[in-house]
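With my numbering applied, the sequence shown covers 58 to 418.
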Amino acid sequence: MTRAYNFSAGPATLPETVLEQAGAELLDWHGAGASIVELSHRGPEFMQVASEAEADLRTLLSVPDDYAVLFLSGGATTQQALIPLNFAAPGQAADYVVTGHWGKTAIKQAHPYVSANVAADGEAGGFRDIPARADWRLSDDAAYVHVTANETIHGVEFRDTPDVGDVPLIADFSSSIASEPVDVSRYAMIYAGAQKNLGPVGVSVVIVRREPLERSGQPRAPIFEYARHAQSGSMLNTPPTFNWYLAGLVFKWMLAEGGVEEFARRNQRKADALYAAIDGSGGFYRNEVAPAVRSRMNVPFFLHDDGLDKAFLAEAKEAGLISLKGHRALGGMRASIYNAMPEAGVRALVGFMDEFRQRHG
Ligand code: PMP
58 MTRAYNFSAG
68 PATLPETVLE
78 QAGAELLDWH
88 GAGASIVELS
98 HRGPEFMQVA
108 SEAEADLRTL
118 LSVPDDYAVL
128 FLSGGATTQQ
138 ALIPLNFAAP
148 GQAADYVVTG
158 HWGKTAIKQA
168 HPYVSANVAA
178 DGEAGGFRDI
188 PARADWRLSD
198 DAAYVHVTAN
208 ETIHGVEFRD
218 TPDVGDVPLI
228 ADFSSSIASE
238 PVDVSRYAMI
248 YAGAQKNLGP
258 VGVSVVIVRR
268 EPLERSGQPR
278 APIFEYARHA
288 QSGSMLNTPP
298 TFNWYLAGLV
308 FKWMLAEGGV
318 EEFARRNQRK
328 ADALYAAIDG
338 SGGFYRNEVA
348 PAVRSRMNVP
358 FFLHDDGLDK
368 AFLAEAKEAG
378 LISLKGHRAL
388 GGMRASIYNA
398 MPEAGVRALV
408 GFMDEFRQRH
418 G
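Given below as structure tokens:
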């Protein structure tokens, strides 16, 4: 069996040791006589899995005690709709900083429940940069400010947590959570679909300060209330147990590898190598994002002649490098290099890109 280096943006590559462990445990989880996905979510086996996963994620991200950590079904998009329901009074304004496709999605989902003010928007510049903080037009009475920490399609990321004063800051960390240390206390809420850095699609992680949940929001069904999910340990209904379990294995792997500090170092080296290959290609490859905000997780790039795209993808696949096709909104290529992409995978990609350029340049 040979596994390719998989540069998919999500669902994305997972650590091989995690897949092996999940495979080995699938028929009989630790002598339970059944797999973990065949047992009650309220039974002692899954309760152990669930609480270890939460504890490990708290350790990884140094989550303060006054924050709840939720494991919810529904992707990041569902959270984008739940945010205004939980944080904004009916008709209240909320500020959105749009730095790519997913920031726009966040507004679309929030629109029925909140008066969304676009405080800054990078679209006129093709989302190749992040509008300067000094140019943001924040509203006086906003319920929250929403940002996308890393834009998965446009390959643009915040390098620092923006200062928005006392207004609750909410960030979509779907494609960069646990890729480096984060000061959770600067945010009212961090959310992420799991399928990039944390595990399989089907579970979202929500890290949310408990206090505002008790007082804000608007009429909503109990299943849409973060406060109730927090009170019930994410077991208001049947949680996505397999996804939660697999994410838990990924958390243990990340801790064993040295935690988010170590992944930050690896991710920086991987990104440096890939951007250097692109920038040093004499224009054969190009990335158009302002260097200061280039994503270390998702690297979109274009060939100088898009007539070569098909050959690039086919030959890359032959070389054991898959899922490099860019998102349809941008075209070109995209290499997603999350925590589980080994440095050897990026070296192989860079080697292939050099060799392809020599053959087709
Ligand atoms: N936000 C970001 C930054 C994403 O990358 C994605 C998915 N690619 C989403 C939101 C939407 O996630 P989901 O499909 O889990 O709803």
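A virtual CB, placed ideally from N, CA and C, is assigned to each residue, including glycine.
Everything numeric in this text was worked out from a predicted model, so none of it was measured.
Spatial neighbours of residue i within its chain, please: C-beta separation below 7 Å, excluding the five flanking residues on both sides.
i: L255; result: I234, A235, A249, V262, A304 and V307
i: S380; result: N63, F64 and S65
i: E271; result: A284
i: E111; result: V126
Regarding residue i and the ligand PMP, is the C-beta to nearest heavy atom distance less than 7 Å?
i: W159; result: yes
i: A167; result: no
i: T205; result: yes
i: S130; result: no
i: T156; result: no
i: G250; result: yes
i: T134; result: yes
i: S231; result: yes
i: T74; result: no
i: T209; result: yes
i: T162; result: yes
Got a sec, what are the start and stop residues for the beta strand (DSSP E) residue i sits in?
i: L129; result: Y124 to L129
i: N174; result: S172 to D178
i: S393; result: M390 to S393
i: V265; result: S261 to R266
i: V106; result: First-last for V106: P101 to L118, but that is the alpha helix (DSSP H), not the beta strand (DSSP E).
i: A151; result: A150 to V155
i: F359; result: N355 to L360
In chain order, what residues of the same chain lie with their CB nearer than 6 Å to the CB of residue i, ignoring the 5 residues before and after it?
i: P68; result: Q252 and V258
i: V204; result: V154 and A228
i: A138; result: Q166
Take residue i and list the residues in its own chain whose beta-carbon comes closer than 8 Å to its own, dropping the five residues that flank it on each side.
i: E82; result: S92 and I93
i: R343; result: I335, F358, F359 and H361
i: E73; result: R60
i: D198; result: Q149 and A150
Name the two residues that bound the continuous alpha helix (DSSP H) containing residue i.
i: I247; result: Here I247 belongs to no alpha helix (DSSP H); instead the beta strand (DSSP E) covers M246 to G250.
i: P141; result: A133 to F144
i: F64; result: No alpha helix (DSSP H) holds F64; DSSP gives it neither H nor E.
i: I164; result: H158 to A167
i: H87; result: That residue, H87, is in no alpha helix (DSSP H); it is neither H nor E in DSSP.
i: T74; result: E73 to E82
i: R414; result: E400 to H417
i: D366; result: D366 to E375
i: R285; result: Y283 to Q288
Verify the contact flag: residue i, CB atom, against every heavy atom of the ligand NAP, threshold strictly below 7 Å.
i: G67; result: In terms of ligand content, the structure shown lacks the ligand NAP and carries the ligand PMP instead.
Just confirm the distance between the C-beta atoms of residue i and residue j, as a whole number of angstroms; I'd bet it's less than 8 Å.
i: I264; j: V241; result: 6 Å
i: F409; j: L378; result: 6 Å
i: V202; j: D123; result: No, V202 and D123 are not in contact; Cβ-Cβ is about 20 Å, not under 8 Å.
i: T298; j: H98; result: 5 Å
(message) Quick check for students: name the residue ranges of the beta strand (DSSP E) that lie wholly in the segment 191-230, counting only runs of 3 or more.
(response) 202-205 and 226-229
Could you tell me which uninterrupted alpha helix (DSSP H) segments, each at least 4 residues in length, are contained entirely in the segment 290-348, listed from first to last along the chain?
-> 298-314 and 316-336
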